[in-house]
Structures are given as C-alpha cells and as structure tokens.
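In this note's numbering, the protein residues as written are 15 to 670. The beta carbon of each residue, even a glycine, is placed where N, CA and C say it ideally should be. I have placed the structure first, in the form of structure tokens, so that the comments after it can refer back to it.
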C-alpha cells in the first residue's frame, strides 16, 4: 500500500554502526569496491554540475546523492525513508530503470524524507549523508543498496554497509559531529513540506509526481514521454543542462492545486465503492447497520497490528457492526496463500467460528511454515490431516482468487485495506479514524431504517448508489494470422497478444507468468507474440530479427525455442549471444547470420510496429487479452482475472 506503514530493518540500523563496529578497530577509508558505481542505476560515476546545482522548483545540487549524468534528459528525484519497505521495493525498480536507460538519458537523485513514526529512519538518513560527505556517491549508494537489500546485499548486516562504502567508524562519527548531514536532512524535509509530499516513497520525474512503489511500466510511460520532450528541446537549441529545470517547472505548473482533502486521499476515500459481501466469513449479524469489509493478508505485519483495533470496535458497537474478511495475499508474501487456505479449511470444518479461531491463531503464530500451520490446526481442534491436505492441494484457491479479483476491482492494492459501508480506509489506522467513519455511516444507516428499510437490507440499499468498478480498458488488435508466432491451440477461446522486447527486463520477467496462465487454462489460451523493440534498447532489434528468422526456419515452435533460449540468458544480447541462442534452437547458423546482416525481416517488424501504434501501445510488455489491455509484468492473478472475464463473456476475438 502507499500509506506510511513501512518496513522495519530489525535492531540493526546505521545509527548503531559506530557501536557495533567497535570490535573491528579503526580503519582508514578504503577505495570504493571495484565496479560499485557501475552497478548503480545507469552505471558509471555521474557527471555532477560544477555550480551550486540545477535551478528550478525541485533543485538538484552537488549536495544530493545521484546516479547518472547532470545533463541527462530525464531526472527522477526520489524522496525516501530507509525504514520504509515500499522504498526498498522502489529502490529495486530505480536500479532496473537506471540500467535500462543508461546515465546519459536518466539521472536518479535521492532526497531524504524520514517519517516521524520511524524511530530509526532519521538516524539512518543522517549516517547515509555522512557517508556521502566522506565518500561521495559511491559511499552513499553502497549504504543505500545494503540497507534496502538491492543487488543481493544483506539489509541486516551492520558492518556490510560500511565495508561496501569504505567508511571507517571513526570517520563516520566525526562527519556526524560536524552537523552537516543533519542540516542536509533538514533541507530535504523543508522541500518535502514545500512540495506537499505526504508519504514515502515519492518520485518526481522531471516534475511529474508518482506516489508509492509503482511497477516499472508506470515510470517507463512517463520517462519515455519526457525523453521525447527533452530531445525536442535540445534539438531546438536548449542547452541540455537547462532541460531538467525547464521541464520540472512546466510539469509542476500543470498540476492543479490540492484540495482540502488531499492529505488524506490515500487513506480515506469519501466515495462509497461497491464491495459485495458474498459468502465471505463475517463476525457480526447480517442485519448490522454498518458493514466493514477488510482485505487482509495473514503474513502482513500491519494486518496483525490492526486486529486488536477491530476486536475493540466489534465489542464497542455490538450488533451494529459486521466485520467481513476478504483474502488478499500479496504476491511477495509466499506464505500468505497457504495460511488463507488453512483458515478457509477451518471454516469448511467448523463454520465461521472455526475460521475466526484459526484467524486469530495465525496472527499469533511465530511464522507460517507448514509445521506452524499444522500446529495451528491442532490447537483449533481441526482434522489436521484434512486441513493440511486442503493447504497442499489449494482446495480453496478459487475463493481466494475471487477475493483478490474483488480487491483489484476496488483498487485495494495493499493490506490492510478497509471499506466501511463502501467507504475506503487504508492501513493500520488509529482507532479514532475507524470510529469517526463508523459513526458517520451509522447516521446514514439509521436514516434508512427510519424511512422503512429493514435492517437486513440496509447494506444492499447503500450499495445500490455505490460506485461500480470500471472494466479493464479495451483496445483493438489485428486478428491472429496463420503465420503468427503463437503457442496454444488455434481453437483456444482466449487469445493473448503480447507486445514484447527481448532486451526488456520486464518482458523477460513476464515470460514465466504467461506460461503459468497457459497451464491454468488448459487448451483455452493462445499467446501471440508481436515484436516491439524499443529505441533505447540497442540489442532489441537484432534479437527480434533472430526471432523472426527462427519462425521462418522452424515455424512457431522454433520461434518459442529461441524466445526461451534468449530469456534464459543474462547480460547483453550481442551478436555472439544471439548466435549461441540460435544454436540452442537448432537454427541454420548461415541463414541466421544472413538475416542479422540483412533486411529481410524489416516488413514483419514494421507490421508489428503498426499494430502497436494502432493499439496505442508504446512500451513493453503490454498484453491484449480478448481486447482487454494489461500493461507491464503483472502478477499471475491479474492475468487469470481477465482470462476468466473473457471466458465468461464468450465473445469472439477482436477482428473476427
């Protein structure tokens, strides 16, 4: 979720590094580890402006840690908190974007926004800025990556950050005592207040705001647009060093002034949403005046934190409040789905009482491994063998996926997420926030009751006026042709058109997900590939040519063999790598070399480019599922949801 309920790194933080490294003895500042800067987003040491810094409403100066060139066409200013787990996720995305675009096109700048309720965040920010004072960008990014666990670093190792940064504990202490790191954090916080940033992470892409740890495609779309604008300005005569300030001022000026409710926009939504209860587990009567629907995850620490609040509310409001549980296991919580399976198995055995008993035990469990789940089942008096069989066989997966689909419909994109008579409240909020919303909804419900609406019908009556979820956007794509690079039966009821780029990390990441989609709907899904080599990926077009040549030599099966061989590789897709992948796909090497050197596949690439343009596709990966648009390397649940929707509609494919 995007509200400030964040990651804790445990008892180790930068503020304790001096004490924790006392046994190591004093060390002289070492050289930065070999290749450290090259591992940063964009690679290479940044060329920082020699003057006081870039002018403009979001100034970037030599006092800011940064990666990429000072005259890069696009600058992302990231406001972050070292104790924020969503900042950690965003850091990995920034690294990926830096590698994708390179230092001449993309600069990434860090500014500190330690949240007040994160006790270790401010000391960590000050120590990171002390490392920057001592060792420059290399020192800062080494500590940044270690704390956030980026690039395989261990966020729990206190010595690791200092060792990677080449900073001795005595030097760190002296830098902190100078007061300069503290002043820099204060300056950053003053800018945070000026810009109205209310949570972390927050990003400004040439002044265009992106809030939260969004997936990479959300950044790519803006970066690509800003690259086009910046290149046009430079071509028209603007010095590259002026582009950032100019575009930032223009983009910020285009944003309307915030409303009085803007601060709470992510936490509370006053527009009621349509959130059906269905057959979900509930605590409280169906005739309650207020229904609180909770989207939650048994592995989420913030979901555990809010449970005492919900129990207190149930006791306070009695039969006026119904609490409904919806499963929303997050993809990165690998034990959340098995825990949800166990809770639903308990319900199957012992009804709602059994569910809530296991629900409470799961939040108390030390972990959620199979042994822990078995112990919970035993404590709850379940048939343990039957319950664990349900977990192993995913017997309740359909119900869990239905809840997740509903979460997607109502944009409950993090946990815990609540709807009080349809009104949104996000995160482990103080009990007063819940009480205020429940009390307001009691007024609405009691007015309906006075007008003659039976209590048992009040929630349904309120839901009639609630906003329904919008369907996924739709676009038109060409009908599949006989020689398409497709896998899956031609008689499949659902066709997924994929616009991909072999040099795109997110296209690569989506490949196994598509394989899972095909497995989940045997015989019902067909995948058609369209090449969209992006201009910033110099290796993408030759790889696309190799794929087309594979299809020419060996048909669709040959194409997919090469597709899989390319995505099994790491690193750049240079000529030798493509020829090696061609050998794995049993291609004729002479014909492959001729194709890579010639222009025989230009027409096919142009046709795919026209199809992408006609569909409004400008980034990769993008999927069109029976006309429904899905952008980016989305989780499996998103694909399955749209496939199920297409199967239920039973409509012919677009263009037929």
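Simplified DSSP state of residue 364, which is helix, strand or coil: In the structure shown, residue 364 falls within a helical segment according to DSSP collapsed to helix, strand and coil.
Residue 326 - containing alpha helix (DSSP H), residue span: Per DSSP, residue 326 belongs to the alpha helix (DSSP H) from 315-331.
Reduced DSSP secondary structure (H/G/I, E/B, other) of residue 113: Residue 113 falls in the helix class under three-state DSSP.
Endpoints, the alpha helix (DSSP H) within which residue 427 is located: It is not in any alpha helix (DSSP H) - residue 427 carries neither H nor E in the DSSP assignment.
Residue 570 vs residue 500 beta-carbon contact at 8 Å: With contacts defined as CB atoms closer than 8 Å, residue 570 and residue 500 qualify as a contacting pair.
Residue 664 classed as buried or exposed, judged by whether at least 16 other C-beta atoms fall within 10 angstroms: Counting the other Cβ atoms within 10 Å of the Cβ of residue 664 gives fewer than 16, which makes it exposed.
Sufficient close CB pairs (3 or more, under 8 Å) joining the stretch 319-332 to the stretch 462-469: Judged by Cβ distances under 8 Å, the stretch 319-332 makes no contact with the stretch 462-469, as fewer than three pairs qualify.
Three-way DSSP call (helix, strand, coil) for residue 125 in this model: Residue 125: strand per DSSP, three-state reduction.
Three-way DSSP call (helix, strand, coil) for residue 658 in this model: Of the three classes helix, strand and coil, the one that applies to residue 658 here is helix, per DSSP.
Alpha carbon of residue 317 to alpha carbon of residue 360, nearest angstrom: C-alpha separation (whole angstroms): 20 Å.
Proximity of residue 238 and residue 632 at Cβ, strictly below 8 Å: Using a Cβ distance threshold of 8 Å, residue 238 and residue 632 count as a contacting pair.
Limits of the alpha helix (DSSP H) - the one that residue 446 falls within: Under the DSSP assignment, residue 446 falls in the alpha helix (DSSP H) whose first and last residues are 445-464.
Closer than 7 Å: residue 551 CB and nearest the ligand ADP heavy atom: Looking for the ligand ADP in the displayed structure turns up nothing, as the structure carries no ligands at all.
Residue 81 burial status per 10 Å Cβ neighbour count (16 or more: buried): Buried, because 16 or more other Cβ atoms sit within 10 Å of the Cβ of residue 81.
Alpha carbon of residue 212 to alpha carbon of residue 132, nearest angstrom: If you take the alpha carbons of residue 212 and residue 132, they lie about 14 Å apart.
Reduced DSSP category for residue 437 - H, G, I as helix; E, B as strand; rest coil: Here residue 437 carries a strand assignment [DSSP, helix/strand/coil].
Secondary structure of residue 393, DSSP reduced to three states: Reduced to three states, the DSSP call for residue 393 is helix.
Rounded Cβ spacing between residue 247 and residue 260 (contact assumed at less than 8 Å): The pair is a contact, with the Cβ atoms about 7 Å apart (cut-off 8 Å).
Local Cβ density within 10 Å of residue 79, reported as buried at 16 or more and exposed below that: Under a 10 Å Cβ-count criterion, residue 79 is classified as buried, with 16 or more other Cβ atoms of the shown protein chains found around its own Cβ.
DSSP-derived helix/strand/coil call for residue 531: DSSP places residue 531 in helix when its eight states are reduced to three.
Cβ contact check for the stretch 112-128 and the stretch 81-92: 3 or more pairs under 8 Å: Look at the beta carbons and you see the stretch 112-128 touching the stretch 81-92: at least three pairs across the two are nearer than 8 Å.
Neighbourhood of residue 513 by C-beta, 7 Å cutoff - its chain only, sequence neighbours within 5 removed: 544, 546, 626, 631, 634, 635, 636.
Burial state of residue 128 (16 or more Cβ within 10 Å): By the 10 Å Cβ count, residue 128 comes out buried.
Any 3 or more C-beta pairs closer than 8 Å across the stretch 368-380 and the stretch 343-351: Touching, no, given that fewer than three Cβ pairs across the two stretches are closer than 8 Å.
Helix, strand or coil at residue 341 according to DSSP, with G and I counted as helix: Looking at residue 341 - three-state DSSP - the assignment turns out to be strand.
Nearest candidate by alpha-carbon position, reference residue 314, set 347, 536, 298: For the options 347, 536, 298, the alpha carbon positioned closest to that of residue 314 is the one of 347.
Buried versus exposed call for residue 491 [16 or more other C-beta atoms within 10 Å across all chains shown]: Buried, since its Cβ has 16 or more Cβ neighbours within 10 Å.
Same chain, Cβ closer than 6 Å to residue 236, five either side skipped, listed in chain order: Residues of the same chain with a CB within less than 6 Å of the CB of residue 236, apart from the 5 flanking positions on each side, are 219, 222 in chain order.
Contacts around residue 540, its chain only, beta-carbon distance under 8 Å, and the 5 residues preceding and following it disregarded: Listed in chain order, the non-local C-beta contacts of residue 540 below 8 Å within the same chain comprise 494, 500, 501, 502, 503, 504, 506, 508, 509, 510, local neighbours out to five positions each way being set aside.
Top-ranked residue by Cα proximity to residue 660, from 296, 591, 646, 538: It is 538.
N- and C-terminal bounds of the alpha helix (DSSP H) containing residue 202: Element bounds for residue 202: 194-209.
CB-CB length for residue 338 against residue 296, believed under 8 Å: Taking the Cβ atoms as the reference, residue 338 lies roughly 5 Å from residue 296, within the contact range of under 8 Å.
Buried versus exposed, by CB contacts within 10 Å (16 or more), residue 572: Burial state of residue 572 is buried, judged by a 10 Å Cβ sphere holding 16 or more other Cβ atoms.
Residue burial classification, residue 134 (beta-carbon count within 10 angstroms, cutoff 16): Burial of residue 134 is indicated by the presence of at least 16 other C-beta atoms within 10 angstroms of its C-beta.
Assigned exposure category for residue 172 - 16 Cβ within 10 Å defines buried: With a pLDDT of only 49 at residue 172, under the threshold of 50, the placement of this residue in the model should not be trusted; the figure read from the coordinates follows. Buried.
Candidates 475, 268, 140, 109, of which the one nearest residue 520 by Cα: Among 475, 268, 140, 109, the Cα nearest to that of residue 520 belongs to 109.
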